[in-house]
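Trainee: Structure incoming, see below.
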Amino acid sequence: MDPSFHEARTRFSNPKAPESPTQQKTKFQRKLERNPYAQALASPIRHCSVTGVVLPRYFLQDFNLVTHPETGQPWWISPSLTSDEKPRTPAEQTSELREDSPVRPQESETGTQAPKGKKPAGPTGYVLSRQQLLKEFQEGSRFLYSKAHQKRLLRQNNPHRVGSVLKRAVWREDMDSFLLELMRRRIVEGLLYFSELCEREDRKYLIRCGSWEEIKSHDHRGCVLWLGQDTSAPQVDRSDQQAQTGPGQLATLDIEGGRFGGKLAVHNLRNLLGEDHLARLKESSNVLREGNLFLLGRRRTVELQLKLWKLEGYVARF
Numbered sequence: 001m002d003p004s005f006h007e008a009r010t011r012f013s014n015p016k017a018p019e020s021p022t023q024q025k026t027k028f029q030r031k032l033e034r035n036p037y038a039q040a041l042a043s044p045i046r047h048c049s050v051t052g053v054v055l056p057r058y059f060l061q062d063f064n065l066v067t068h069p070e071t072g073q074p075w076w077i078s079p080s081l082t083s084d085e086k087p088r089t090p091a092e093q094t095s096e097l098r099e100d101s102p103v104r105p106q107e108s109e110t111g112t113q114a115p116k117g118k119k120p121a122g123p124t125g126y127v128l129s130r131q132q133l134l135k136e137f138q139e140g141s142r143f144l145y146s147k148a149h150q151k152r153l154l155r156q157n158n159p160h161r162v163g164s165v166l167k168r169a170v171w172r173e174d175m176d177s178f179l180l181e182l183m184r185r186r187i188v189e190g191l192l193y194f195s196e197l198c199e200r201e202d203r204k205y206l207i208r209c210g211s212w213e214e215i216k217s218h219d220h221r222g223c224v225l226w227l228g229q230d231t232s233a234p235q236v237d238r239s240d241q242q243a244q245t246g247p248g249q250l251a252t253l254d255i256e257g258g259r260f261g262g263k264l265a266v267h268n269l270r271n272l273l274g275e276d277h278l279a280r281l282k283e284s285s286n287v288l289r290e291g292n293l294f295l296l297g298r299r300r301t302v303e304l305q306l307k308l309w310k311l312e313g314y315v316a317r318f
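In this text, residue positions in the sequence shown follow the UniProt record's numbering: the first is 1, and each later residue adds one.
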């Protein structure tokens, strides 16, 4: 009955007390909230069922088993890539890719994006979020796609008896490219959403920059977006291969003299999104239509910055 004993025993298991709205945060705390890399590292620890790697959940891809509404068979889906709070079925995810019009992220009454649902659709398994790894999950592959790995995908994190369900579970043969397409769509939706706010409410989430040096003059820096040069323009030097291909994978921009934010991620949207999504982005946004260098910043864009960096890691080859 010793209070100090119980307090020491539950010290690291009790939830943290909610933040006081009147408490003044330090500059370091405010910067930490706006740092997408700190948010990624602070996500809960999970286990990759295939490689055995233990990492923050941000670096893993989640998978659930849901029932197909037409066939009744269990299908693997990734609920974190759905745009709704309720995870979509495989048929809904597939039909979503055929839609032409973008869906803007849901908003709450306060104008901010609505939080995603926390309740999973079913038993959840995790795999390292790498396209190269998911390519080896194709049926018939001699590497990873097997009944043993399917069972391991859920057994590591769930005590459910799902053996009979796993025997009938359907894993898309194009799962790696399917997830890539969903990641791209979520990013395009986010960019169009903030672009609309910039046009309608004169916000500064997306700032067009004329040069790399101009980026360093802005205060609210999150990441840099490189959209590529218009090769049809007469003033473009087509012999400059570096100017046409743009930054490479996992590129960064160093900011000298600053105590915080001394390194910015540089995302080559031409490589990340592909020509089709990039063309749709420029066509639908007046802000992004002209110019090839943009600065994405402010606290509200942290979630979008996380999606961009995760896509960088997903398609990276090293």
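By construction, the Cβ of each residue, glycine as well, lies at the ideal position given by its N, Cα and C atoms. Given the structure is predicted, the values throughout are model-derived calculations rather than measurements.
Taking the straight line between their C-alpha atoms, what separation do you get for residue 221 and residue 198?
Mentor: Pairing residue 221 with residue 198, the inter-Cα distance amounts to about 16 Å.
Trainee: Which same chain residues end up closer than 6 Å to residue 208 when comparing Cβ atoms and leaving out the 5 residues on each side of it in sequence?
Mentor: 291, 294
Trainee: Does the Cβ-Cβ distance between residue 187 and residue 310 come in under 7 Å?
Mentor: No, these two residues do not count as a Cβ contact at 7 Å.
Trainee: Helix, strand or coil: how does DSSP classify residue 187 here?
Mentor: helix
Trainee: For residue 11, which of helix, strand or coil comes out of DSSP?
Mentor: coil
Trainee: Helix, strand or coil, according to DSSP, for residue 6 in the structure here?
Mentor: helix
Trainee: With contact counted as at least three CB pairs below 8 Å, one residue from each stretch, are the stretch 244-251 and the stretch 259-277 in contact?
Mentor: Remark: three or more beta-carbon pairs, one from each stretch, lie closer than 8 Å, so the stretch 244-251 and the stretch 259-277 are flagged as touching.
Trainee: What does the alpha-carbon distance come out to for the pair residue 203 and residue 165?
Mentor: 49 Å
Trainee: Would you kindly report the start and end of the unbroken beta strand (DSSP E) that includes residue 28?
Mentor: Not the beta strand (DSSP E): residue 28 falls in the alpha helix (DSSP H), residues 27-33.
Trainee: For a test of the three-state rule: what should DSSP assign to residue 63, helix, strand or coil?
Mentor: strand
Trainee: Measure from the alpha carbon of residue 382 to the alpha carbon of each residue in 297, 302, 253, 130, then state which is nearest.
Mentor: Residue 382 lies beyond the range of the chain shown here (1 to 318); nothing can be said about it.
Trainee: State buried or exposed for residue 330, treating a residue as buried only when at least 16 other CB atoms are found within 10 Å of its CB.
Mentor: Missing from the structure shown is residue 330; the chain here goes from 1 to 318 and no further.
Trainee: Could you give the first and the last residue of the continuous beta strand (DSSP E) run that contains residue 263?
Mentor: 263-268
Trainee: Give a yes or no on contact between the stretch 167-181 and the stretch 212-219, applying the rule of three or more CB pairs nearer than 8 Å.
Mentor: no
Trainee: Under three-state DSSP, which class holds residue 96?
Mentor: Any answer about residue 96 is weak, because its pLDDT of 48 lies below 50 and its placement is not dependable; what the coordinates show is given next. Residue state, collapsed to three classes: helix.
Trainee: Report the rounded CA-to-CA distance for residue 205 versus residue 297, giving the unit in angstroms.
Mentor: Residue 205 and residue 297: Cα-Cα distance of roughly 5 Å.
Trainee: I'd like the span of the alpha helix (DSSP H) that includes residue 215, first residue to last.
Mentor: 212-215
Trainee: Do residue 227 and residue 267 have their C-beta atoms closer together than 7 Å?
Mentor: no
Trainee: For residue 276, which of helix, strand or coil comes out of DSSP?
Mentor: helix
Trainee: Taking only three categories from DSSP, how would you classify residue 193?
Mentor: In the structure shown, residue 193 falls within a helical segment according to DSSP collapsed to helix, strand and coil.
Trainee: By how many angstroms is the C-alpha of residue 229 removed from the C-alpha of residue 238?
Mentor: Low per-residue confidence applies at residue 238: pLDDT is 44, beneath 50, and the placement is therefore not dependable, though the value from the model is reported in the following sentence. Taking the straight line from one Cα to the other gives about 10 Å.
Trainee: I believe residue 174 touches residue 124 by the beta-carbon criterion, under 8 Å. Please report the beta-carbon distance rounded to the nearest angstrom.
Mentor: Contact doesn't hold; Cβ gap of about 22 Å is too wide.
Trainee: Between which residues of its own chain and residue 304 is the CB-CB distance below 6 Å, once the five residues before and five after are set aside?
Mentor: 190
Trainee: For the beta strand (DSSP E) holding residue 125, just list the boundary residues, first then last.
Mentor: In the DSSP assignment, residue 125 falls within the beta strand (DSSP E) that extends over 124-128.
Trainee: What's the call for residue 176, buried or exposed, on a 16-neighbour Cβ count within 10 Å?
Mentor: With 16 or more other Cβ atoms within 10 Å, it is buried.
Trainee: Can you give the beta carbon distance from residue 39 to residue 302, rounded, assuming they're within the 8 Å contact cut?
Mentor: The pair is a contact, with the Cβ atoms about 6 Å apart (cut-off 8 Å).
Trainee: On the CB-based measure, 16 or more other CB atoms within 10 Å of its CB, does residue 75 come out buried or exposed?
Mentor: Its Cβ being crowded by 16 or more others within 10 Å, residue 75 is buried.
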